[in-house]
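Asker: One structure coming up, written as structure tokens, with questions to follow.
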Amino acid sequence: MNDHVLLPTGLPGPASPRASDPERRTWLIATGAMGGAAAVATAVPFVSTFAPSERAKALGAAVEVDLADIPPGGLKTVEWRGKPVWVMRRTPEMIASLKGQEAELADPLSKKDELPDALRNPGRSEREDVFVAIGICTHLGCSPTAVPAGSGNPSVGADWSGGFFCPCHGSTFDLAGRVFRNKPAPTNLEIPPHRFLSETRIVIGDAAAP
Ligand code: FES
Numbered sequence: 001m002n003d004h005v006l007l008p009t010g011l012p013g014p015a016s017p018r019a020s021d022p023e024r025r026t027w028l029i030a031t032g033a034m035g036g037a038a039a040v041a042t043a044v045p046f047v048s049t050f051a052p053s054e055r056a057k058a059l060g061a062a063v064e065v066d067l068a069d070i071p072p073g074g075l076k077t078v079e080w081r082g083k084p085v086w087v088m089r090r091t092p093e094m095i096a097s098l099k100g101q102e103a104e105l106a107d108p109l110s111k112k113d114e115l116p117d118a119l120r121n122p123g124r125s126e127r128e129d130v131f132v133a134i135g136i137c138t139h140l141g142c143s144p145t146a147v148p149a150g151s152g153n154p155s156v157g158a159d160w161s162g163g164f165f166c167p168c169h170g171s172t173f174d175l176a177g178r179v180f181r182n183k184p185a186p187t188n189l190e191i192p193p194h195r196f197l198s199e200t201r202i203v204i205g206d207a208a209a210p
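Numbering-wise (my numbering), the sequence shown opens with residue 1 and increments by one.
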């Protein structure tokens with residue numbers, strides 16, 4: 001199994017930022033440098049681990065994920081059916097950020113989403129502190145990047161309270177994967193079927209019994 005520690009900016013997107021946007025390019029370079037140092041020193045929040053398992057390589061196989069090694073605010077990426085699936089442990093501050101910005105979201109109540117009732121809540125999750133989503137933008141399939149609150153990233157604005165940014169065409173999502181208004185992505189991030197096996201283990205690809 002190959003484990004890769006990625007930068008705190010999250011998953012790499014397939015497309016580079018526009019060369020005509022020097023401010024954003026400078027920011028990304030600076031963040032990458034800082035992130036590299038942080039990733040080596042400590043398992044800081046938003047450090048991602050891409051850890052495809054042998055089981056995940058089998059078409060349709062469910063994938064078990066251990067939550068114990070994800071720090072508060074951190075995000076682990078696993079592979080399921082060839083797709084990156086994020087498992088994030090949200091902090092109380094992250095959970096609080098999900099309320100109060102509904103007017104800025106395209107579909108805050110997940111009306112367009114096919115979700116089980118247990119996930120029809122602001123966090124789009126069974127447990128508030130554990131968020132699971134497929135890390136693929138619903139516009140044209142790029143990989144969004146996790147951007148923490150207070151990142152200083154000019155692409156998301158000064159009042160950003162944390163979430164995900166797609167570098168391909170600028171879609172932004174909150175920490176429940178809900179897309180902001182007037183962005184190219186037509187829907188919220190998809191949530192794969194999953195269920196809790198215990199306090200610290202979940203299985204992706206196997207939904208809870210109704
Ligand atoms: S693919 Fe994400 S905004 Fe276009």
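Glycine is no exception: its CB is placed at the ideal position from the N, C-alpha and C atoms.
Look at residue 113 and residue 172 and say whether their C-beta atoms are less than 8 Å apart.
Answerer: Contact: no.
Asker: Among residues of its own chain, excluding the 5 on either side of residue 133, which ones have a beta-carbon nearer than 6 Å to its beta-carbon?
Answerer: Cβ within range, chain order: 86, 177, 189 and 191.
Asker: Kindly list the residues whose CB is nearer than 6 Å to the CB of residue 126, restricted to its own chain and excluding five residues on each side of it in sequence; keep chain order.
Answerer: So the qualifying residues of the chain are 118.
Asker: Would you kindly work out how many angstroms separate the C-alpha atoms of residue 29 and residue 167, rounded to a whole number?
Answerer: Low confidence applies to residue 29: its pLDDT is 38, below 50, so where it sits in the model is not reliable enough to give any reading.
Asker: How many Å lie between residue 169 and residue 67 at the Cα?
Answerer: In a straight line, the C-alpha of residue 169 is about 32 Å away from that of residue 67.
Asker: Determine, using beta carbons only, whether residue 175 and residue 97 come nearer to each other than 8 Å.
Answerer: The answer is yes: Cβ separation under 8 Å.
Asker: Taking the straight line between their C-alpha atoms, what separation do you get for residue 219 and residue 181?
Answerer: Because residue 219 is not part of the residues shown, which for the chain are 1 to 210, the question remains open.
Asker: Using beta carbons (cut-off 8 Å, strictly below), is residue 202 in contact with chain E?
Answerer: Any reference to chain E falls outside this structure, which holds one protein chain only.
Asker: Which residues count as close to the ligand FES when the rule is a CB under 5 Å from any of its heavy atoms, in chain order?
Answerer: That query returns the following residues: 137, 139, 140, 142, 166, 168, 169, 171 and 184.
Asker: What does DSSP give as the partner residue(s) for residue 66 in the beta ladder?
Answerer: Bridge partners of residue 66: 201.
Asker: Going by DSSP, which residues form a beta bridge with residue 88?
Answerer: Paired residue(s): 75 and 131.
Asker: Which runs of the beta strand (DSSP E) at least 3 residues long sit entirely within the region 165–202? Give them in chain order.
Answerer: Entirely contained in the region 165–202, the beta strand (DSSP E) runs reaching 3 residues are, in chain order, 194–198.
Asker: To the nearest angstrom, how far is it from the Cα of residue 140 to the Cα of residue 91?
Answerer: Between residue 140 and residue 91, the C-alpha separation is close to 30 Å.
Asker: When the Cα atoms are used, what is the spatial distance from residue 179 to residue 63?
Answerer: Roughly 26 Å between the two C-alpha positions.
Asker: Candidates 73, 60 and 165: which alpha carbon is nearest residue 79's?
Answerer: Closest option to residue 79, Cα to Cα, is 60.
Asker: Can you tell me whether residue 76 is buried or exposed? The criterion is at least 16 other CB atoms within 10 Å of its CB, across all chains shown.
Answerer: Its Cβ being crowded by 16 or more others within 10 Å, residue 76 is buried.
Asker: Excluding the 5 residues preceding and the 5 following residue 185 in the sequence, name in chain order all residues of the same chain whose CB lies nearer than 6 Å to its CB.
Answerer: Excluding sequence neighbours, residue 185 sits near 137, 138, 139, 171 and 179.
Asker: With residue 144 and residue 152 assumed to form a contact (beta carbons below 8 Å), what rounded beta-carbon distance in angstroms separates them?
Answerer: Not quite, the Cβ-Cβ distance comes to about 18 Å (not below 8 Å), so this is no contact.
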